[in-house]
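There are 2 protein chains.
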Amino acid sequence: MTTPTTCPIACPTARPIVLTGDRTTGPLHLGHYAGSLRNRLALQDAHDQYLLLADAQALTDNAGDIPKVREAVMDIALDYLAVGIDPEKSTICLQSQLPALAELSMLYLNFVTVARLERNPTIKDEIRARGFGRDIPAGFLCYPAAQAADITAFRATLVPVGADQAPLIEQSNEIVRRINATAGKAVLPEAEALIPAAGRLPGVDGRNKMSKSAGNAIPLSATPEQIAAAVRAMFTDPQHLRTADPGRVDGNVVFAFLDAFDPDAAEVARLKEHYQRGGLGDALLKRRLDDLLQALLAPIRARRTALARDPGHVRELIRRGVQRARAVTGQTRDDVFSALGLFQP
Amino acid sequence: MTTPTTCPIACPTARPIVLTGDRTTGPLHLGHYAGSLRNRLALQDAHDQYLLLADAQALTDNAGDIPKVREAVMDIALDYLAVGIDPEKSTICLQSQLPALAELSMLYLNFVTVARLERNPTIKDEIRARGFGRDIPAGFLCYPAAQAADITAFRATLVPVGADQAPLIEQSNEIVRRINATAGKAVLPEAEALIPAAGRLPGVDGRNKMSKSAGNAIPLSATPEQIAAAVRAMFTDPQHLRTADPGRVDGNVVFAFLDAFDPDAAEVARLKEHYQRGGLGDALLKRRLDDLLQALLAPIRARRTALARDPGHVRELIRRGVQRARAVTGQTRDDVFSALGLFQP
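So the sequences go chain by chain: A and B.
For the first sequence, the numbering used here gives the first residue as 1399, with consecutive numbering after it.
For the second sequence, the numbering used here gives the first residue as 1399, with consecutive numbering after it.
So this is what it looks like as structure tokens:
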């Protein structure tokens, strides 16, 4: 006999379904931990959570570097397990192994115009950031439809995303409404973006968000020495030359990290006040942050190292996740094709 | 013990693989018979021929009329069988039931740019013909990549197409070369367009090619009365008012049909000469053509009517074709994903 899990948010009939995941372009870092992994740990007990290792999506702008995309699959799976994702509670699955996602993607492309895809603000920004122009890979232009396929195939109603990704959820819901209107019934649910309250973690250099490609990231597998070096190099306030001087908190990476990781918010508030008043040196703050990060990452690193010794076990977990995800997404594909009235031989 | 079939064209090791098929937007007509069905009958003995009921492609510009797309699947399957396609020799399969096609399509979209898709002359012409502008469905812009998936998934090396479709084969081969270059080996073969010597059959009204949407088609299931009425209404030479007058052969639909269907080419040449000289009336020509078409279509119609009484049998043939096609296309999908080095759990 299993006891039904109580859901903390209002859901009288079933556990809400959450879809989340990561493009497999490199191992995860503290920015991912602060922005999403922590939330996933909190969600996995009371939700049906699917974590998608999004290698097919990674290919949309990395077709020229498939080894990177392949290797990141194992890296990210290790990161998930190391931070405490429980494969019995969260289904870890590999996008390229789920044919129903491609089938729904191709279907949805008929329900969205090229003009609409080009107007998507997320796509616009990313085209600019990647310097694509008109030579954008077609797969990249189409990825909002593929993302709609990911979300709907799992019948997810909650999709944790950064604020900049919210237009993609709106686009997915537009497609859902068109499919439902064509089917004449609500065959697919709309989804809600779950946007974290905290903003994105900055990189150690203080420029933009933390990212591996910008070289300003602390990976979850960082050694004690790498963590210490990153904290030492962290951007603070270049005008704060002597301890006695008043210092700036805004744009100060050490404080952004303390906000993200220090469990004692009251003490962080006191430290900020002291720093702004003058008399508090960077060294003391960095020591505090280094202690915090070393304590946070030591057990993650230890678990990750242990798991990495048995890649066969990790593959087996992914295979099991793929199996479960195939059943769910295949059923949705069948339901949608049948509701739309396609020929069933 | 099976005896190996002798191949009439040079292929020492295996029967060449042919992929062909039809968008499922309506029953087939005499234009299809003259332009492609006849060739398929000739090809099926010495080739591995796959006939794709292309319902997924039909959706790229018919998402608003799915019942039409669904109903045409059975209609076209009946047309195939009625003209003599042998399901033991030719594999009749349904595109939307072959997930590997969608998987390869999504993959290939990463190997072609939006600009390249927009430059495709076939796509350009069709966008203009359908009045799409920028509100073109994304699936329609992307269909050359989907067609590359169709061709390559079956490892087809021969693709019978009209001359206007030849750029699509070139586009498919471009994708093949990119995939092979990325894989570092020839995982996919290039394909050759098999362009019929005869031009397209005109519609009975003499305007453009025969098509159901233009209302100028003679369906393969036409009744004797419909055939007779179509031949009576057929456009000839509006200046040819009296039998004694010289008449024009160019643009004369009756002669185009005689060229396509009359087995006695020498007699047709004599009739043309007589008509141009004067003294040959339309009525005599139309009688000859009516006799020919009645004789051609009577057995096709009879088989079609008999087959239509047992749709369950036709469904079963499609199911068997799907099963065979799934094995072939699934293997190609696995080969391509593995050759490219995607993660295999």
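Ideal placement from N, C-alpha and C gives every residue a C-beta, glycine not left out.
If we cut at 8 Å on Cβ distances, does residue i have a partner in chain B?
i: G1537/A; result: yes
i: L1687/A; result: no
i: V1510/A; result: yes
i: V1726/A; result: no
i: A1704/A; result: no
i: L1450/A; result: no
i: I1534/A; result: yes
i: T1550/A; result: no
i: G1739/A; result: yes
i: D1453/A; result: yes
i: R1717/A; result: yes
i: P1406/A; result: Because the pLDDT at P1406/A is just 46, under 50, the model does not fix this residue reliably, and the value given afterwards should be weighed accordingly. So, not an interface residue.
Taking 8 Å as the CB-CB cut-off, is residue i touching chain A?
i: Q1495/B; result: yes
i: R1713/B; result: yes
i: S1570/B; result: no
i: S1503/B; result: yes
i: V1471/B; result: yes
i: F1659/B; result: no
i: V1720/B; result: yes
i: P1465/B; result: yes
i: P1425/B; result: no
i: T1580/B; result: yes
Please list the terminal residues of the continuous alpha helix (DSSP H) segment that includes residue i.
i: S1570/B; result: 1564-1581
i: I1716/B; result: 1709-1738
i: F1653/A; result: 1651-1659
i: Q1692/A; result: 1680-1706
i: S1611/B; result: Here S1611/B belongs to no alpha helix (DSSP H), and DSSP marks it neither H nor E.
i: T1550/B; result: 1541-1551
i: S1503/B; result: 1497-1506
i: G1483/B; result: Note on residue identity: the sequence assigns Ile, not Gly, to residue 1483/B. It is not in any alpha helix (DSSP H) - I1483/B carries neither H nor E in the DSSP assignment.
i: N1460/A; result: Where N1460/A is concerned, there is no enclosing alpha helix (DSSP H), given that its DSSP letter is neither H nor E.
i: Q1742/B; result: Careful: Q1742/B lies outside any alpha helix (DSSP H) and carries neither H nor E.
Alpha carbon to alpha carbon, how far is residue i from residue j?
i: P1542/A; j: C1491/B; result: 30 Å
i: A1706/B; j: A1475/B; result: 10 Å
i: V1629/B; j: M1504/A; result: 42 Å
i: A1546/B; j: T1520/B; result: 14 Å
i: R1457/A; j: R1702/A; result: According to the sequence shown, residue 1457/A is Leu rather than Arg. Looking at the two C-alpha atoms, the distance is approximately 26 Å.
i: D1635/B; j: L1691/B; result: 21 Å
i: G1719/B; j: D1420/B; result: 15 Å
i: Q1729/B; j: L1586/B; result: 12 Å
i: Q1624/A; j: F1735/B; result: 36 Å
i: L1439/A; j: V1416/A; result: 12 Å
i: R1685/A; j: L1678/A; result: 12 Å
i: E1590/A; j: H1427/B; result: 49 Å
i: G1613/B; j: D1548/B; result: 30 Å
i: L1451/A; j: V1471/A; result: 6 Å
i: E1588/A; j: E1568/A; result: 9 Å
i: D1680/A; j: P1565/A; result: 39 Å
i: I1525/B; j: T1422/B; result: 19 Å
i: E1714/A; j: D1708/A; result: 10 Å
i: A1596/B; j: F1741/A; result: 33 Å
i: A1725/A; j: I1573/B; result: 32 Å
i: M1608/A; j: G1429/A; result: 6 Å
i: F1552/B; j: Y1448/B; result: 8 Å
i: A1737/B; j: Y1478/B; result: 36 Å
i: Y1506/B; j: A1615/A; result: 32 Å
Hey, quick one: how far does the beta strand (DSSP E) through residue i stretch, first residue to last?
i: I1490/B; result: 1488-1492
i: V1602/B; result: No beta strand (DSSP E) contains V1602/B, which DSSP labels as neither H nor E.
i: A1591/B; result: 1590-1592
Can you name the residues that DSSP bridges to residue i?
i: R1421/B; result: A1452/B
i: D1523/B; result: Partner(s): none; D1523/B has no beta bridge.
i: L1556/A; result: V1416/A, E1590/A
i: T1641/A; result: T1641/A pairs with nothing; no bridge assigned.
i: H1427/B; result: P1617/B
i: D1446/A; result: I1415/A
i: K1607/A; result: P1600/A
i: P1535/A; result: T1511/B
Can we count residue i as close to the ligand GTP, meaning its CB is less than 7 Å from some heavy atom?
i: K1466/B; result: As presented, the structure is devoid of all ligands, the ligand GTP included, so that no description of it is given.
The stretch 1520-1531 of chain A touching the stretch 1441-1449 of chain A, judged by at least three CB pairs closer than 8 Å: no
Sufficient close CB pairs (3 or more, under 8 Å) joining the stretch 1594-1611 of chain B to the stretch 1646-1656 of chain B: yes
Validate contact between the stretch 1495-1503 of chain B and the stretch 1460-1470 of chain B using beta carbons, cut 8 Å, 3 pairs: no
The stretch 1469-1485 of chain B contacting the stretch 1475-1490 of chain A, beta-carbon criterion three pairs below 8 Å: no
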